[in-house]
Each structure stands twice: as structure tokens, then as C-alpha cells.
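Please read the structure below before turning to the comments.
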Amino acid sequence: MKKELWLFMGLFFTFALLWNLCLPPFEGPDENAHWKYVQFVYKNWKIPVQKEGRLDVPGEGFQPPLYYFLTASFLKIFGVKPENISLQKNPRFGWKKGWEKLMYIHHGERCLSLHLARLVSLFIGLGTIFILWKASLLLFADIRERTLFLSFGTLIPQFIFMHGVLNNDSLGIFFSTLTLYLLTLYVLHPARKLIFLAGISLGFGFLSKMSCIFLLPLGIGTVILREKRSSIPSLFLFLLGLILVSGWYPVRNFLIYKDFTGIKAQSISSSACVVNRSIFSRYFFLQFPASVFTSFFAAFGWVSIKLPLLIYIFILLGCMLALTGIFFIIKERVFSSVFIFHLASFLLILFSFVYYNTRFNCPQGRCLYPAILSISTIFVKGYTYLKQKKPLIRKKIFIWSGICSLAVALLLGVFYVPFLKILYRLLSIWYNNSRPMYPFPYYTGKVDYLLWSLFIFLFSFSLGSWTLLFLLSFRCPSSPFLLFVIFNLFSFTHAFLNVTLFSWEKPAHPEIFLALSTLLFSFHWT
-8 MKKELWLFMG
2 LFFTFALLWN
12 LCLPPFEGPD
22 ENAHWKYVQF
32 VYKNWKIPVQ
42 KEGRLDVPGE
52 GFQPPLYYFL
62 TASFLKIFGV
72 KPENISLQKN
82 PRFGWKKGWE
92 KLMYIHHGER
102 CLSLHLARLV
112 SLFIGLGTIF
122 ILWKASLLLF
132 ADIRERTLFL
142 SFGTLIPQFI
152 FMHGVLNNDS
162 LGIFFSTLTL
172 YLLTLYVLHP
182 ARKLIFLAGI
192 SLGFGFLSKM
202 SCIFLLPLGI
212 GTVILREKRS
222 SIPSLFLFLL
232 GLILVSGWYP
242 VRNFLIYKDF
252 TGIKAQSISS
262 SACVVNRSIF
272 SRYFFLQFPA
282 SVFTSFFAAF
292 GWVSIKLPLL
302 IYIFILLGCM
312 LALTGIFFII
322 KERVFSSVFI
332 FHLASFLLIL
342 FSFVYYNTRF
352 NCPQGRCLYP
362 AILSISTIFV
372 KGYTYLKQKK
382 PLIRKKIFIW
392 SGICSLAVAL
402 LLGVFYVPFL
412 KILYRLLSIW
422 YNNSRPMYPF
432 PYYTGKVDYL
442 LWSLFIFLFS
452 FSLGSWTLLF
462 LLSFRCPSSP
472 FLLFVIFNLF
482 SFTHAFLNVT
492 LFSWEKPAHP
502 EIFLALSTLL
512 FSFHWT
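Residue -8 is where the sequence shown starts when you use the working numbering, and the numbers rise one by one after that.
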């Protein structure tokens, strides 16, 4: 069983490290503002104040402090000072009237301290993977279901991307996942020690990111429904653990801002994001779902580097299968208390997220990651139940359709010559000694370029060999796992080529990914 853990940890670490090294500075969501927070804490070792006329940290200074103190401590351990990074904004960035993918103009600048600070998110992510693995052993006896659960929970490209950049999401996700795991244990085997630990974990979550707020009503409701009349001692322990860790923080907010939640500080610090929308407005029925869906799975950079539309349609079809299975589970009343718990968890974070967007503009799917354990659980339950109950079509038709689509895709790839385009561009860089607008990381000359090419080759070769060895040792159907690995390879390649060689083109062709996905999906479904 530990082979699964090392496999998923290894893949997660590899892809997150690639994002860390290859993504230019400040090209993660609000990374520039998070970096200013780290600099402030490193220099002053105190929490910033965000008031009218006094913004210690513009942008993200309203955020809870734990992640930034942790990152500043990590830099101090290595004796690295967070350097000032001055970048010019890209006038052709594609949010409004431009077409390019990156927020800033880059010239191969070296920012060792930022890349080192990004590692904090990566190491925190490894802790989250460990908790998800423990949850998989608790929730699923079948290795195929565990593989699907871990693939969905740990190998979503956007999830990995967010752990390759500087962002406090990673720590909030870790503590919310830990809290959900402890509450799941409590649902299965009620013990007051577990509920006390869940309160402590949630307290650290509140000091990391306020998106963990959905866990407070979830925890209270779980205790009341699980113990009913004898729930008061457990409720006391849950709230005691929460208050012991984070009770001081809302008191501080009230003393400074006259507001326990810190929303006033956010309104001042991020005034450009303040909105006033009705929950019944057209926005929540059109733009909002599309933006949240795409950015939940793959929307890199400042949500500007997206995959081809066909990829999202393919993902949507897979999600519709899971939703159909969930519908049948509820309709036929074959659910357990654990399923209801995780469904309630998802609905609570969804409600809090939608409500948040009535006041602040943040339609990003990553805000749902604090409930990644619950989302993965209900996804796997729905998908596997539908797979057992509703076979869609005969095995041979699925397999041959996948093979034919793969053959067509390869022919398209050969005759459309995307590889010749890339080769031509590389040769022009080599012979003319010219750089693209967004060069390779630390690209300074031919030697650096050769070393980088060798690294990419060795990475691809070792990843393929390593994955094959693990699959042979599992001796189990691993199509979902392979599908997510291909999804990550395609996503990273697409994003990498868009921001390096082809900032104005779309070099990664979706038909190859779709064909391989169809083939793997057909084998798994049958």
C-alpha cells in the first residue's frame, strides 16, 4: 500500500517542482502581493495592519498570518533574504484587450529567494497528499477505487500548479484536509479525542486562510447529529481546540478593524475586487460556473493560460458521469453516513464560495480545494456506482473507437507538423542566438539551453520508466491514473510552450490528448 503513497508523492513533487522552476516570477495568482507579505514579515516579524491611510502590505495584507511566518522562517533558516523583484507589467496581457499569457515582461531574471519560498507550498502539499492517502485507506477497500480517488485528489493539474507557486492556499488546504479526515474518523468511530484534534486543526486552518470557514458549521452539525443529546461535551472540546489555537486572531481583528472576520480589512486592501452582486444575477448562471469549472482543473498563470475548449468538454463529460452516479445513489438511498457527511461538506463550501463572490470578485475553482477530500470522495462514489449499474456500450465498440481516434489523431499530428514548427523555432534560437520574449528559465546561452534540454529528456525518460515499474507492481487496472498523468503532461507542455517558444500561438494539439484519453477511458469503463 505504501507504493501508492510514494508513487503519488513522487509525481506530485515532480510536477510541482517543474512549475516552481519554469514559471517566471509573479506569474501565480497574486504572487507579487503574497511576496510583499513575506518581505514584511521577514523584516518586521509582525502581522501587517490594513487601514485607511495605512496599508502595510497592499493587496494580500488582510490574509491570516501563519503561512507567511512559516515562509519567512524557512528563508531565515537558509539565510536567504527575500529580494526585491521589480517587473514591468505586460501591456499586451490578455485580461482586457491584450492577447499574451503572462502578467509581466520577463528577461530571464534570477530570483533564488522566490523559488526557495515556493518550496514551502510544495512541502505542505506533500503533507496533504499523505492525508489523502490515509483517507483513501479509510474510505475504499478496492485498490481501483483508491487509485481513482488519489488520481483525482492529487493529480489535478491546477491543484499541483497552486503548490508550485507562492500562495497561502496550500496551508489552508492542508489543515482543511486534515480536519475533514479527523471528522471522517469521528463519523465512523466517535471519540472525543478526535473531535478535540479536529478543533485544533481547524484553528490552524483559520490562521492560514478563511476559506476554511465552512468547516465550522460542518463540525458543529456533525457532532450534534452523531451524538444528539450527549453532544455538549464534544461540542465544548471542538470549540475549545479551535479557540485555544486561533481565538486570539478574531479578537485582534475586532480591536483593530471593529470586525471579527477581517472582511473590512480585505475591502480596504483589495478594493478593486469589491463587488455587490445578487446571488440571482445573470453572472452566477453564466460566467461564474464556466470560470470556476475551468480554473478548478486547469487555468494557469493569472487564470490566463487555459487549455483548448475540447479538453474542458471531455472533463465535463466525465464529471457528468459522476454526477449521474451521485443522483442514482441519492435516488435509490444506497448512501452511508460518510457519503452524506462529504456531500454536506461540498455543499457548504460551495455555498460559502458563492456567497463570498457576491461581495468579492474571485471566480476561481482553486477556492474549492479546501474540500478536495470530500469532492474526491463523492466523485469516486458516484462514478464507480454508475459504472457498476449502468454499462453504456459494449467493450469492443469502446476499444475500437479509441484505437481509431488515436490513429486519426496521430495522422493529424504528423501532417499538421507541429513538431516541425517547434524544431524551426529552436533552430532559429540556436543559429541566430536570439531569445523569445519569454525565455527558458535562466536561459543565458547555448550551454544552458543544452543542459535544459537534457534535463527535459531525462525527466521524461525517468518518469515513463518509473511509472511503468509501479504499474507492473500494482497489477491492477490503472487507466484513471494514466489518464491524469497524461493530463498533467499535456497541461504542463501546453502552458510551457505558450509562455516560452510560442507566446502568440497554440502549439499543443488537443486531439492527441483526447484520443489517448478515450482509449484509456474505454478500457477502464469496460
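The beta carbon of each residue, even a glycine, is placed where N, CA and C say it ideally should be.
Alpha carbon to alpha carbon, what distance is there between residue j and residue i?
| i | j | result |
| --- | --- | --- |
| R350 | S261 | 12 angstroms |
| I304 | F475 | 16 angstroms |
| H97 | N81 | 9 angstroms |
| F389 | W(-3) | With a pLDDT of only 44 at F389, under 50, the local geometry of the prediction cannot be trusted, and no value is derived from it. |
| Y346 | I270 | 7 angstroms |
| S482 | A7 | 12 angstroms |
| L228 | C310 | 38 angstroms |
| W26 | D47 | 13 angstroms |
| H515 | A63 | Because H515 sits at a pLDDT of 48, beneath the cut-off of 50, its placement in the model cannot be relied upon, and the following sentence gives the value as read from the coordinates. Those two C-alpha atoms are separated by around 46 angstroms. |
| K125 | L277 | 37 angstroms |
| L233 | F472 | 37 angstroms |
| L162 | L123 | 15 angstroms |
| R426 | W10 | Reliability of the predicted coordinates at R426 is poor, the pLDDT of 44 falling under 50, and the value obtained from them is presented with this limitation in mind. R426 and W10: Cα-Cα distance of roughly 21 angstroms. |
| L339 | G70 | 42 angstroms |
| F465 | N352 | Below a pLDDT of 50, predicted positions are generally treated as unreliable, and F465, at 44, falls in that range; the measurement from the model is reported next regardless. Whole-angstrom Cα-Cα distance: 45 angstroms. |
| G373 | S367 | 10 angstroms |
| V21 | F197 | Note that residue 21 corresponds to Asp in the displayed sequence, not to Val. In a straight line, the C-alpha of D21 is about 20 angstroms away from that of F197. |
| G212 | F332 | 10 angstroms |
| F275 | L307 | 18 angstroms |
| F431 | D250 | Here the model assigns F431 a pLDDT of 40, short of 50, so the residue's position is not dependable, and the following value carries that caveat. If I take the Cα positions, the gap works out to 46 angstroms. |
| F84 | E323 | 50 angstroms |
| T252 | I191 | 19 angstroms |
| K(-6) | D133 | 15 angstroms |
| K37 | Q54 | 13 angstroms |
| A108 | L216 | 42 angstroms |
| I68 | L103 | 15 angstroms |
| L14 | A313 | 33 angstroms |
For the putative contact between residue i and residue j, defined by C-beta atoms under 8 angstroms, what is the C-beta separation to the nearest angstrom?
| i | j | result |
| --- | --- | --- |
| P16 | L78 | 7 angstroms |
| F141 | F(-1) | Here residue 141 is Leu; the residue named in the question, Phe, does not match the sequence. Sure, about 5 angstroms apart at Cβ, within 8 angstroms. |
| F195 | V236 | 6 angstroms |
| W293 | M153 | With 8 angstroms as the limit, W293 and M153 do not qualify as a contact, their Cβ atoms being about 13 angstroms apart. |
| L185 | L173 | 5 angstroms |
| F143 | F370 | 6 angstroms |
| L359 | F344 | 6 angstroms |
| S282 | P354 | 4 angstroms |
| I247 | V40 | 6 angstroms |
| F165 | T119 | 5 angstroms |
For a test of your reading of the model: does the CB of residue i fall under 7 angstroms from any non-hydrogen atom of the ligand SAH? Yes or no.
| i | result |
| --- | --- |
| A132 | You won't find the ligand SAH in this model; it holds no ligand whatsoever. |
Please classify residue i as buried or exposed, where buried requires at least 16 neighbouring CB atoms within 10 angstroms.
| i | result |
| --- | --- |
| Y58 | buried |
| L221 | According to the sequence provided, residue 221 is Ser. The question's Leu does not apply to it. By the neighbour-count rule (16 or more Cβ atoms within 10 Å), S221 is not buried but exposed. |
| V265 | exposed |
| R135 | buried |
| V325 | exposed |
| A182 | exposed |
| L411 | With a pLDDT of only 43 at L411, under the threshold of 50, the placement of this residue in the model should not be trusted; the figure read from the coordinates follows. Burial call: exposed. |
| K532 | A question about residue 532 goes unanswered here, because the residues of the chain that appear run from -8 up to 517. |
| E18 | buried |
| P224 | exposed |
| G44 | exposed |
Using only CA atoms, which one of the options lies nearest to residue i?
| i | options | result |
| --- | --- | --- |
| F65 | L110, G1, E51 | L110 |
| G155 | K125, H106, I366 | H106 |
| L179 | N11, F330, P354 | F330 |
| F478 | I147, Y177, Y374 | I147 |
| G356 | I369, P280, L339 | P280 |
| K378 | V283, I317, G19 | I317 |
| L480 | P73, G44, K(-6), T5 | T5 |
| L298 | F3, L103, A486, I38 | A486 |
| V32 | P73, L246, G1 | P73 |
| G52 | A24, F60, G190, G44 | A24 |
| L3 | L117, G190, K(-7), F60 | Here residue 3 is Phe; the residue named in the question, Leu, does not match the sequence. Ranking L117, G190, K(-7), F60 by Cα distance to F3 puts L117 first. |
| P208 | L226, S199, F291, K219 | L226 |
In the DSSP assignment, the alpha helix (DSSP H) including residue i goes from what residue to what residue?
| i | result |
| --- | --- |
| T5 | -7 to 13 |
| K322 | 300 to 322 |
| A182 | That residue, A182, is in no alpha helix (DSSP H); it is neither H nor E in DSSP. |
| P280 | 278 to 288 |
| S153 | Per the sequence shown, residue 153 should be read as Met rather than Ser. Residues 148 to 153. |
| W36 | Looking at the DSSP string, W36 is not in any alpha helix (DSSP H), and its letter there is neither H nor E. |
| Q355 | Careful: Q355 lies outside any alpha helix (DSSP H) and carries neither H nor E. |
| I331 | 328 to 348 |
| R109 | 103 to 130 |
| F229 | 223 to 237 |
| P16 | Careful: P16 lies outside any alpha helix (DSSP H) and carries neither H nor E. |
| Y58 | 57 to 68 |
| A256 | 254 to 260 |
| P208 | 206 to 218 |
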